[in-house]
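Data block below; observations after.
Number of protein chains: 4
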Amino acid sequence: MSISTLCNKEVICVEMGTSVEQVGKMMEEKNIGCVIVIDNEKPCGLVTDRDILIRVINKGLSPKDTYVDDIMSELVMTLDEDMGLHDALEMVKGMSLRRFPVTDKNGNLTGIVTLDDIIYLLGKEMYNVASIIKSESATL
Amino acid sequence: MSISTLCNKEVICVEMGTSVEQVGKMMEEKNIGCVIVIDNEKPCGLVTDRDILIRVINKGLSPKDTYVDDIMSELVMTLDEDMGLHDALEMVKGMSLRRFPVTDKNGNLTGIVTLDDIIYLLGKEMYNVASIIKSESATL
Amino acid sequence: MSISTLCNKEVICVEMGTSVEQVGKMMEEKNIGCVIVIDNEKPCGLVTDRDILIRVINKGLSPKDTYVDDIMSELVMTLDEDMGLHDALEMVKGMSLRRFPVTDKNGNLTGIVTLDDIIYLLGKEMYNVASIIKSESATL
Amino acid sequence: MSISTLCNKEVICVEMGTSVEQVGKMMEEKNIGCVIVIDNEKPCGLVTDRDILIRVINKGLSPKDTYVDDIMSELVMTLDEDMGLHDALEMVKGMSLRRFPVTDKNGNLTGIVTLDDIIYLLGKEMYNVASIIKSESATL
């Protein structure tokens with residue numbers, strides 16, 4: 030299974046220069062905790078709901094006059110959409126990150142994968158394999 | 030294994046009447062995404078970093094003049110600390126919640142359990158059992 | 030969840046003095062790979078289909094004139110039926126065994142648990158928890 | 030991860046015409062529960078320790094004068110070594126089988142994969158991902 034099949038393709042993107050106020054409302058409407066920031070059609074950063082709390086509110090800044098450019102985390106890693114799940118896991122290990130943008134060969138964003146998506150997939154497969162083992166004759 | 034062994038005992042509590050500004054800073058310092066609200070020594074609500082975004086910032090309210098009382102989610106369920114993991118899982122199924130306060134027999138808060146804690150424990154046990162099966166003779 | 034709930038209660042037992050020929054046929058009819066040997070109403074040993082191959086056939090012995098007493102593995106460990114799954118896992122770790130007889134307080138056999146049963150249960154729970162996480166709002 | 034990386038390459042093969050007596054001893058020496066039967070350099074069947082019990086001993090046949098040809102299970106499915114784990118799982122679902130021979134493009138045997146191998150791999154990955162989630166900041 031490639032990352033392309035696994036990833037969530039309805040990722041929400043915003044342009045550089047978008048205000049934090051707008052992003053906060055978008056996160057509420059779309060029921061998401063994270064947006065990807067785009068610069069010249071390429072993903073360049075990521076902003077989470079928690080970033081808004083820590084980097085804007087706790088600093089006493091105004092969400093209206095603060096922009097994603099100022100608070101985004103730079104993308105340290107994107108996953109290639111043709112990569113297999115297991116190769117992706119090798120890359121992801123050792124990074125304290127929970128979400129990974131997925132790009133095509135030209136570096137254009139095609140989706141996002143979270144560790145929760147991966148846990149779900151592994152859990153489903155584990156259950157499938159365990160069910161086969163259980164149903165197989167003479168396991169007792 | 031009882032929930033008591035599994036749960037995180039360093040849960041951060043705040044009294045009713047605490048301002049959202051204070052809670053936001055506490056979440057940053059303690060590196061947590063959630064606090065439990067206490068009323069008369071009993072847990073009565075829960076506030077997450079996301080709640081601050083949705084229920085305060087997006088509504089244009091001031092974190093300084095808004096209080097946990099106004100934005101907390103009421104506790105729909107607490108887990109008993111003597112409960113086993115599997116009974117707890119039965120209770121937790123069907124609820125769209127990720128964090129569960131844990132209480133003793135008198136209803137006093139003793140910790141908090143997240144679905145992530147449970148995933149970690151199940152993953153660890155799965156790996157242990159799979160390792161025994163792999164090492165056992167003549168599995169091929 | 031106690032081991033009592035998890036274990037397979039239709040375990041097949043044979044008395045000391047039963048011939049290997051009889052046991053082999055029982056394993057075929059009941060579609061099982063293992064029987065428990067009983068002495069004075071207490072479980073004392075275990076015979077698997079593989080034991081019959083290694084300890085009877087490969088030695089050129091006759092299944093008709095060989096008895097479970099001669100080829101059984103002594104029980105190194107039984108699990109108490111009131112034990113929780115997680116305590117049972119602690120005991121089971123480090124043993125290269127796949128099947129564990131379950132007894133009540135008086136040492137009477139009440140069932141059998143295999144590592145495959147445990148894998149199945151853990152896989153099912155993992156899948157349940159992962160499904161809750163996936164359905165929970167704003168995980169992206 | 031391809032099936033090629035996952036599979037056990039030290040699979041034991043026997044030619045058509047090998048006696049069950051020889052196979053039984055081989056299973057003991059090599060500590061395996063299954064051999065693959067080869068015809069003209071291609072895998073054509075599979076014999077397990079349990080097959081010897083059910084199809085030879087229980088029928089009163091002599092292991093010396095019975096041959097793998099008479100008791101083997103025909104191969105219903107082989108996995109291609111270039112196949113990914115997840116595609117392999119799709120193929121494997123719904124079959125009540127525990128072991129799958131792996132072949133290269135020319136149909137030559139290169140290894141064998143068991144459901145236990147797959148459980149082990151999934152368990153290891155689950156544990157890895159759960160560990161990342163646990164270590165990640167602010168999950169509480």
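Residue numbers (the numbering used here), protein chains in the order written: chain A, 30 to 169; chain B, 30 to 169; chain C, 30 to 169; chain D, 30 to 169.
Using N, Cα and C, we set each Cβ at its ideal position, and we do this for glycine too.
Treat the numbers as computed from the prediction; the structure is a model and nothing was measured.
Run down chain A in chain order and give the residues with a C-beta less than 8 Å from the C-beta of residue i.
i: residue 23 of chain B; result: Outside the shown range of chain B, which is 30 to 169, sits residue 23 of chain B, and nothing can be said about it.
By the criterion of Cβ-Cβ separation under 9 Å, what are the contact partners of residue i in chain D?
i: residue 160 of chain B; result: 149, 152 and 153
i: residue 163 of chain A; result: The premise fails here: residue 163 of chain A is roughly 10 Å from chain D at the closest Cβ pair, so nothing lies under 9 Å.
Pick out whichever of the options has its Cα sitting closest to the Cα of residue i.
i: residue 108 of chain A; options: A:51, A:130 and A:156; result: A:130
i: residue 123 of chain B; options: C:124, C:49 and C:164; result: C:164
i: residue 94 of chain B; options: B:158, B:42, B:157 and B:48; result: B:48
i: residue 81 of chain D; options: C:42, C:158, C:39 and C:57; result: C:57
i: residue 157 of chain A; options: D:159, D:158, D:147 and D:160; result: D:147
i: residue 87 of chain B; options: A:40, A:160 and A:52; result: A:52
i: residue 31 of chain A; options: A:61, A:159 and A:117; result: A:117
i: residue 61 of chain B; options: A:121, A:83 and A:160; result: A:83
i: residue 121 of chain A; options: D:121, D:35 and D:160; result: D:160
How would you list, in chain order, the residues of chain C whose beta-carbon sits under 9 Å from the beta-carbon of residue i?
i: residue 53 of chain D; result: 82, 83, 86 and 87
i: residue 121 of chain B; result: 157, 158 and 161
Name, in chain order, the residues that DSSP records as bridge partners for residue i.
i: residue 91 of chain C; result: In DSSP, residue 91 of chain C forms no bridge with anything.
i: residue 121 of chain D; result: In the DSSP output, where bridge partners are listed per residue, residue 121 of chain D has none listed.
i: residue 137 of chain B; result: Answer by DSSP bridge pairing: none, since residue 137 of chain B is not bridged.
i: residue 47 of chain D; result: Residue 47 of chain D pairs with nothing; no bridge assigned.
i: residue 37 of chain C; result: C:141
i: residue 77 of chain B; result: B:63
i: residue 107 of chain B; result: DSSP lists no partner for residue 107 of chain B.
i: residue 31 of chain C; result: C:113
i: residue 97 of chain B; result: For residue 97 of chain B, which the question treats as bridged, DSSP gives no partner whatsoever.
i: residue 102 of chain D; result: D:75
i: residue 128 of chain B; result: B:143
Beta-carbon within less than 7 Å of residue i's beta-carbon, same chain only, minus the 5 sequence neighbours each way: which residues are those?
i: residue 143 of chain D; result: 127 and 128
i: residue 54 of chain D; result: none
i: residue 85 of chain D; result: 49, 92, 95 and 100
i: residue 59 of chain B; result: 41
i: residue 35 of chain C; result: 114, 142, 146 and 150
Using a cut-off of 8 Å between C-beta atoms, extract the partners of residue i located in chain B.
i: residue 118 of chain C; result: 154, 157 and 158
I want to verify the contact list: residues of chain C whose CB lies under 7 Å from the CB of residue i, in sequence order.
i: residue 79 of chain D; result: 62 and 78
Residues of chain A with a CB under 7 Å from the CB of residue i: which are they?
i: residue 13 of chain B; result: Any property of residue 13 of chain B remains undetermined from this structure, which presents chain B solely from 30 to 169.
For residue i, which residues of its own chain have a beta-carbon under 6 Å away from its beta-carbon, when the five flanking residues on both sides are left out?
i: residue 37 of chain D; result: 140 and 141
i: residue 103 of chain A; result: 74
i: residue 231 of chain C; result: In this structure chain C extends from 30 to 169, so residue 231 of chain C is not present and cannot be described.
i: residue 89 of chain D; result: none
i: residue 168 of chain A; result: A caution first: residue 168 of chain A carries a pLDDT of 49, below 50, which makes its placement in the model unreliable, though a value can still be read off. Taken in chain order, the list of residues that qualify is empty.
CB-CB under 8 Å to residue i, same chain, minus the five flanking residues each way: which ones, in chain order?
i: residue 105 of chain B; result: 124 and 126
i: residue 33 of chain A; result: 110, 111, 131, 139 and 140
i: residue 166 of chain A; result: Since pLDDT at residue 166 of chain A reaches only 49, below the 50 mark, its modelled position is unreliable, and the value read off the structure follows with that caveat. Closer than 8 Å at the Cβ level, and outside the excluded window around residue 166 of chain A, lies no residue.
i: residue 145 of chain B; result: 127
Any beta carbon from chain F within less than 8 Å of residue i's own beta carbon?
i: residue 156 of chain B; result: Among the protein chains of the structure shown, namely A, B, C and D, there is no chain F.
### Query
Counting pairs of Cβ atoms below 8 Å between the region 124–137 of chain C and the region 76–87 of chain D, do you hit three or more?
No contact exists between the region 124–137 of chain C and the region 76–87 of chain D.
#### Entry: Three or more C-beta pairs below 8 Å linking the region 140–154 of chain A and the region 63–75 of chain D
Short answer: they don't touch.
### Task
Determine, using beta-carbon pairs with one atom in the region 37–53 of chain C and one in the region 89–103 of chain C, whether at least three such pairs fall under 8 Å.
yes
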